[in-house]
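**Student:** Pasting a structure below so you can have a look.
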Amino acid sequence: MLKIGLLLLVLPFYFAPMPSFARAPYALRISCGARDDVHSPPTNTLWYKDFAYTGGVPANATRPSFITPSLDTLRYFPLSEGPENCYYIDRVPHGHYLVRIYFGLVAEPSFDNEPLFDVSIEGTLIYSLPSGWSSHDDEQAFVEGLIFLKDGTASLCFHSTGHGDPAILAIEILQIDNRAYYFGKGYGQGTILRTDRRFSCGAKDPKFGADYSADHWGGDRFWNSLPTFGQSSDQIISTKNNIKKASQAPNFYPEALYQTALISTDTQPDLAYAMEVEPTRNYSLWLHFAEIDSSVTGVGERVFDILINGDIAFRDVDIVSMAGDINTALVLNTTVAVSGRSLTITLHPTIGNHAIINAIELLELVLAESKTLPDEIRALQRLKSTLGLPLRFGWNGDPCVPEQHPWSGVDCQYDRNISKHVIDGLDLDNQGLRGSLPNDISQLHHLQSINLSGNSISGLIPSSLGTINSLETLELNGNSLSGRVPAALGGRLLHGASFNFTDNAGLCGIPGLPPCGPHLSVGAKIGIALGSCVAFLVIVTCLTCWWKRRQNILRAQRIAARDAPYAKARTHFNRDVQMTRHHGHEHSRTAAENGPSLLA
Ligand SMILES: *[C@@H]1O[C@H](CO)[C@@H](O)[C@H](O)[C@H]1NC(C)=O
Ligand SMILES: *[C@@H]1O[C@H](CO)[C@@H](O)[C@H](O)[C@H]1NC(C)=O
Ligand SMILES: *[C@@H]1O[C@H](CO)[C@@H](O)[C@H](O)[C@H]1NC(C)=O
Ligand SMILES: *[C@@H]1O[C@H](CO)[C@@H](O)[C@H](O)[C@H]1NC(C)=O
Ligand SMILES: *[C@@H]1O[C@H](CO)[C@@H](O)[C@H](O)[C@H]1NC(C)=O
Ligand SMILES: *[C@@H]1O[C@H](CO)[C@@H](O)[C@H](O)[C@H]1NC(C)=O
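Following this line, the structure appears as structure tokens:
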């Protein structure tokens, strides 16, 4: 009875569709360089103390922009720790995320230059800090990407370009809806959307989603204020009316975004806005409208075309008709391929004399790079530790991507068959490497050439190296390697591979190198040891028997000697003394050295 009662209570909840706001989105915020968790005003946001970094130095920070959260520390990565440094954040649930990285400046006189560096997310280069970023008091102080994270980790890397040490103030990983910013064909895992800019038209102040009490599934976006498109072509209008259909899946825009707008003036019916962009890239453009002008009360009173760089992208837009009512949100999106440095949006009225717009978002469409085969990354990491690779190599992040920043000493190739990068060469000659070659080197199946000449690598050549079938060039000359060269490698030589094993401590076993000493298996060694024991016991037994027999003979001779001539007795005596000495000698050594090893 009780069970059925419980079931009846639970069932309606169980079968009701789960609204996504019922579940809080995953959110992780890190205050880089911080030793303790901190809360930032004005919304008391929690930032975890620093973790998950590959290296670097914590320092006090200067915040370059009013947008930057009020955090006092950062982490910077000196070039001596290598050109690639990362945060690897694990246990991130599979999903769609807004990843935001804030930059900072080290608060020390010796660090007066702004660092310029590249930022990658999951191996894809999404941003190169432009010169002057720290003096623009706007959104330049962070980079933001929308990305699907499917393997439980988020890797964010910073790549030196020779202009100062990358300095990171804070990191945010905020889950958003799985269909957020769905733009049609090409959307998904192969694409990352980098936020270029977001404007709330007619807003007085820039604001984050949190300042608007926006839904957490929106990812706490930053909305800059755009008071005018310029040239006195427009004016601000605003409303206190509620806006319908604003905070909806998948994008959950804040209602306040639609409560202000820019509207064209009587003298200038077209509204036009030009944005500077990077040439030959693809952008996803999102335009927001709500009919908040009280002079428009129904369908057919305001209609306009939307042109992008002169081409009509949307014809006959009637906000009231398309949104369903006045004071109701309408979102339009389109993908734009730009060739020049400018992207101009023009709203051209065809009915009524004014155009209106509430907000603009521009996101760059970045094709995601294919990462390196995970087994090969693990093998390289193992190689890094067993060879004691110097810190200056870095070797953090992905070995092959972003393609602009591969690991130094590693050659890569894209394997179309598996849609992954693979390692086809190692060039680490004359790098002062010590340590030994790990067995896992054989995980690098695609290696064609290895150059480790002129280091101090010692130990054996792992036999697994012989299983790398594609290996054509192997230079191990000038190291301290010893032991037998694996037979499989010797065999490869006959097929035209070019191997160099000269100048090592003692390699042997292939043509051109000295022959190896007798090579014994473990079984053979045990056999020899056992055989030696048996032989020793046999000899000891024989000697004991012989000695006893001589004693008997001696005793018999002593009895007989009473009647024998003097000279004969003396001869026998000498011989017996020698025999006894020899026997006693053997016995003492056996006791001291524990037997068989003496004979083995
Ligand atoms: C950061 O500043 C505080 C004082 O505000 C000082 O005590 C601390 O030593 C500084 N840390 C570093 C790494 O310079
Ligand atoms: C964006 O536009 C595409 C094609 O015009 C449309 O299919 C898609 O639903 C739009 N996305 C959103 C989130 O409205
Ligand atoms: C832009 O999109 C077009 C068409 O989808 C594609 O052919 C082109 O490679 C894209 N360009 C860039 C830079 O992503
Ligand atoms: C891809 O597969 C084809 C045949 O299956 C093979 O010939 C080719 O070498 C492979 N490519 C790579 C890069 O492994
Ligand atoms: C390996 O490195 C040595 C020393 O730098 C160089 O002389 C040799 O040409 C390299 N071999 C290959 C195959 O690149
Ligand atoms: C092997 O390396 C040594 C230097 O250690 C060099 O003198 C020799 O010419 C190389 N042999 C071949 C066949 O390249």
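Count the sequence shown with mature numbering (1 follows the signal peptide of the UniProt record, and there is no 0) and you get residues -22 to -1, 1 to 578, in order.
Cβ atoms here follow ideal geometry from the backbone N, Cα and C, with glycine treated the same way.
Does the Cβ of Pro384 have 16 or more other Cβ atoms within 10 Å, making it buried, or fewer, making it exposed?
**Tutor:** It is buried - the Cβ of Pro384 has at least 16 other Cβ atoms within 10 Å.
**Student:** Going by beta carbon distance, what residues of the same chain come within less than 8 Å of Ile435, once the five residues before and after it are set aside?
**Tutor:** Cβ within range, chain order: Leu365, Leu411, Arg412, Gly413, Ser414, Leu415, Leu454, Asn457, Ser458, Leu459.
**Student:** Confirm, please, whether the CB-CB distance from Asp96 to Ser112 is below 7 Å.
**Tutor:** Their beta carbons are not under 7 Å apart, which means Ser112 does not touch Asp96 by this criterion.
**Student:** Got a list of residues with beta-carbon closer than 6 Å to any non-hydrogen atom of ligand 1, in chain order?
**Tutor:** In chain order, the qualifying residues are Ala37, Asn38.
**Student:** Using 8 Å for Cβ pairs, my map puts Pro71 next to Tyr4. What's the rounded Cβ distance?
**Tutor:** Yes, Pro71 and Tyr4 are in contact; Cβ-Cβ is about 6 Å, under 8 Å.
**Student:** With DSSP collapsed to three states, give me the class of Thr558.
**Tutor:** The pLDDT assigned to Thr558 is 41, lower than 50, so where the model puts this residue is not dependable, and the model offers no usable value.
**Student:** Pick helix, strand or coil for Gln226, following the three-state DSSP scheme.
**Tutor:** If DSSP states are grouped into helix, strand and coil, Gln226 belongs with coil.
**Student:** DSSP three-state label for Trp195, please.
**Tutor:** Trp195 falls in the helix class under three-state DSSP.
**Student:** Starting from the Cα of Phe148, find the closest Cα among Cys179, Ser210, Ser262, Leu83 and give me that residue.
**Tutor:** Looking at the sequence shown, residue 148 is not Phe but Ala. With distances taken between Cα atoms, Ala148 lies closest to Leu83.
**Student:** How about Ala466 and Leu422: do their beta carbons lie closer than 7 Å?
**Tutor:** Not in contact: Ala466 and Leu422 (Cβ atoms no closer than 7 Å).
**Student:** Could you tell me the boundaries of the alpha helix (DSSP H) in which Leu358 lies?
**Tutor:** Looking at the DSSP string, the run of the alpha helix (DSSP H) that includes Leu358 is 352 to 364.
**Student:** Using the Cα positions of Gly484 and Ile439, report the straight-line distance between them to the nearest angstrom.
**Tutor:** Gly484 and Ile439: Cα-Cα distance of roughly 11 Å.
**Student:** Is it the case that the CB of Asn429 approaches a heavy atom of ligand 8 more closely than 6 Å?
**Tutor:** No copy of ligand 8 appears in this structure; the ligands present are ligand 1, ligand 2, ligand 3, ligand 4, ligand 5 and ligand 6.
**Student:** Thinking C-alpha only, which one of Glu100, Ala145, Leu134 is nearest Lys128?
**Tutor:** Of the candidates Glu100, Ala145, Leu134, the one whose C-alpha sits nearest the C-alpha of Lys128 is Glu100.
**Student:** Based on the DSSP output, what are the partners of Phe477 in its beta bridges?
**Tutor:** For Phe477, which the question treats as bridged, DSSP gives the partners Leu452.
**Student:** Considering only heavy atoms of ligand 2 and the C-beta of each residue, which residues fall inside 7 Å, strictly closer?
**Tutor:** This selection yields Arg157, Tyr159, Tyr160, Phe161, Gly162, Pro228, Asn229, Val309, Asn311, Thr312.
**Student:** Grab the span of the alpha helix (DSSP H) containing residue 580 for me, first residue to last.
**Tutor:** What is shown of the chain runs -22 to 578, which leaves residue 580 out entirely.
**Student:** What is the rounded straight-line gap between the Cα of Gly562 and the Cα of Ile517?
**Tutor:** With a pLDDT of 40 at Gly562, under the threshold of 50, the predicted position of this residue should be treated as unreliable, though the coordinate-derived value follows. Using only the alpha carbons, I get a separation of about 14 Å.
**Student:** When we look at the beta-carbon of Phe31 and count the other beta-carbons within 10 Å, is it buried (16 or more) or exposed?
**Tutor:** According to the sequence shown, residue 31 is Tyr rather than Phe. Flag for Tyr31 reads buried.
**Student:** Mapping DSSP to helix, strand and coil, what is Leu521?
**Tutor:** If DSSP states are grouped into helix, strand and coil, Leu521 belongs with the helices.
**Student:** When you compare only the Cα positions, how much space is there between Tyr75 and Ile125?
**Tutor:** Spanning the two alpha carbons is a distance of roughly 5 Å.
**Student:** Can you confirm whether the stretch 401 to 410 touches the stretch 424 to 434 when touching is taken to mean that 3 or more C-beta pairs between the two stretches lie within less than 8 Å?
**Tutor:** Yes: at least three Cβ pairs fall under 8 Å.
**Student:** Just to confirm, is the Cβ distance from Leu52 to Ala37 under 7 Å?
**Tutor:** Cβ atoms of Leu52 and Ala37: closer than 7 Å.
**Student:** Just how far apart, CA to CA, sit Thr519 and Arg527?
**Tutor:** Their Cα atoms are separated by approximately 12 Å.
**Student:** Using alpha carbons as the reference points, say which of Arg259, Phe477, Asp248 lies closest to Leu343.
**Tutor:** Of the candidates Arg259, Phe477, Asp248, the one whose C-alpha sits nearest the C-alpha of Leu343 is Arg259.
**Student:** Anyone know if the C-beta pair for Phe292 and Gly60 falls short of 7 Å?
**Tutor:** No. Outside cutoff.
**Student:** Who are Tyr54's beta bridge partners in DSSP?
**Tutor:** Per DSSP, Val35, Ala145.
**Student:** Is residue 592 near ligand 6 - that is, is its Cβ less than 6 Å away from at least one heavy atom of it?
**Tutor:** The question about residue 592 has no answer, for the chain in this structure spans -22 to 578.
**Student:** Can you tell me which residues form a DSSP beta bridge with Cys10?
**Tutor:** Answer is none; Cys10 lacks a bridge partner.
**Student:** Tell me the residue span of the alpha helix (DSSP H) that contains Leu94.
**Tutor:** Unbroken run through Leu94 is the beta strand (DSSP E), 94 to 99; no alpha helix (DSSP H).
**Student:** Taking C-alpha atoms, which residue in Arg13, Ile335, Asp68, Ser317 lies nearest to Ile323?
**Tutor:** Selected option, being the one with the closest Cα: Ile335.
**Student:** In the DSSP assignment, the alpha helix (DSSP H) including Arg470 goes from what residue to what residue?
**Tutor:** That run of the alpha helix (DSSP H) goes 465 to 471.
**Student:** Helix, strand or coil, according to DSSP, for Lys398 in the structure here?
**Tutor:** Three-state result, Lys398: strand.
**Student:** If you measure from the CB of Thr451, is any heavy atom of ligand 5 nearer than 6 Å?
**Tutor:** Yes, the beta carbon of Thr451 sits closer than 6 Å to at least one heavy atom of ligand 5.
**Student:** Using the beta carbon as the reference atom, which residues fall closer than 7 Å to any heavy atom of ligand 3, ordered along the chain?
**Tutor:** Ordered along the chain, the selected set is Gly164, Thr258, Arg259, Asn260, Ala315, Leu343, Leu345.
**Student:** Below 6 Å CB to CB, which residues in the same chain sit around Tyr261 once its five sequence neighbours on both sides are set aside?
**Tutor:** Excluding positions up to five away in sequence, the list reads Val314, Leu340, Glu342.
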